[in-house]
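Asks:
Residue numbers (this note's numbering): 244 to 562.
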């Protein structure tokens, strides 16, 4: 059973991320063709945006491939089985850390790339600025999957040091906290990135104001990922020898608590930031007021994550 889970995880890491990237690439290509049809003279810039955007979207599949190869090359089930008869559960944590955000990231990364292609069709003379903003925002969308890779590598390294079922469930909880807690931020970042690229297409003169607002907003939208990572590291910090089966179940509950709590604030923050970004494009003279109001509201929205985090901490340390 453990060997089955081990090789199943190695397969899912590639399969899920590749499917996500493939679907996202098709969305991007479709929008690029539509943009060329609208503005044939901008075909070269649209094609450049398409290639660069798809290269960044491929990051999700690349992360899945790297981790799958790491499992198949560096960790041999027969060797692990001797010291850890429950390693299959720990590998499910690896799958959660990468596959959960990866299933979303490849698809939603197409949103800003598609918006950038259509924005170039509307504002061909601002193509360079639109592409720069697209590259910046899509890179932010991909950061949670990178965090998932880091956590997965940590879990793979700790697998050989866990010898009981509760200890392996602890690793599953850490991976679940990272993966489940990344889904909302990935969706939120992609939604805002799409709005930012659309805004430049409406008003290329507002580029500098939108760029400044974008950097501040993505930091707030991505804040929930930090809470998820901190929770995962707190779970990993608990000594394996002290974990009982009841404690392991509490750790999984803590991962679910922070993961679910992260979902809505990220989307709400991105919705607020997206609306402000489009308003800045329409009324650049109101940029200071719109930016301050949006960032203040986003900060308040992010405080809601603390409620779920408090519950997760109580489950981790007081269960």
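In this text, a Cβ means the ideal position worked out from N, Cα and C, and glycines have one as well.
Which of the three DSSP states, helix, strand or coil, is assigned to residue 406?
Replies: Note: residue 406 maps to coil in three-state DSSP.
Asks: Where does residue 344 fall in DSSP's three states?
Replies: Three-state DSSP puts residue 344 in a helix.
Asks: Check whether the Cβ atoms of residue 364 and residue 495 sit closer than 8 Å, and answer yes or no.
Replies: no
Asks: Enumerate, from N- to C-terminal direction, the unbroken alpha helix (DSSP H) stretches of 4 or more residues contained entirely within the region 429-493.
Replies: 450-464, 466-480
Asks: Indicate the three-state DSSP secondary structure (helix, strand or coil) for residue 329 in the structure shown.
Replies: coil
Asks: Note down, in chain order, each residue of its chain lying with its Cβ closer than 8 Å to the Cβ of residue 309, except the 5 sequence neighbours on either side.
Replies: 392
Asks: For residue 257, which option in 453, 275, 338 has the closest C-alpha, if you only look at C-alpha atoms?
Replies: 338
Asks: What does the alpha-carbon distance come out to for the pair residue 295 and residue 405?
Replies: Roughly 42 Å separates the two Cα atoms.
Asks: Return yes when the Cβ of residue 290 is within less than 8 Å of the Cβ of residue 354, no when it is not.
Replies: no
Asks: State the start and end residues of the unbroken alpha helix (DSSP H) segment that holds residue 304.
Replies: 286-317
Asks: Near residue 558, what residues of its chain come up, given a Cβ to Cβ distance below 6 Å and the 5 sequence neighbours on each side ignored?
Replies: 493, 496, 497
Asks: Within this structure, are the beta carbons of residue 414 and residue 398 separated by less than 8 Å?
Replies: In this structure, residue 398 lies closer than 8 Å to residue 414 by Cβ.
Asks: Leaving aside the five residues before and after residue 447 along the sequence, list all residues of the same chain whose C-beta is less than 6 Å from its C-beta, in chain order.
Replies: 366, 369
Asks: Are the C-beta of residue 335 and some C-beta of chain C separated by less than 8 Å?
Replies: Here chain C cannot be found, since the structure has a single protein chain.
Asks: Specify the secondary structure class of residue 526 as computed by DSSP and reduced to three states.
Replies: DSSP places residue 526 in coil when its eight states are reduced to three.
Asks: Quick check on the burial criterion: 16 or more other C-beta atoms within 10 angstroms. Buried or exposed for residue 297?
Replies: buried
Asks: For the alpha helix (DSSP H) that contains residue 360, what are its first and last residues?
Replies: 353-365
Asks: Indicate whether residue 471 and residue 501 have their beta-carbon atoms separated by less than 8 Å.
Replies: Yes.
Asks: Would you mind reading off the limits of the alpha helix (DSSP H) that contains residue 283?
Replies: Counting along the chain, residue 283 falls outside any alpha helix (DSSP H), and DSSP gives it neither H nor E.
Asks: Determine the contact status of residue 483 and residue 395, defining contact as a CB-CB distance below 8 Å.
Replies: No, Cβ-Cβ distance for residue 483 and residue 395 is not below 8 Å.
Asks: Taking the straight line between their C-alpha atoms, what separation do you get for residue 292 and residue 374?
Replies: 6 Å
Asks: Could you tell me if residue 488 is buried or exposed, where buried requires 16 or more neighbouring beta carbons within 10 angstroms of its beta carbon?
Replies: exposed
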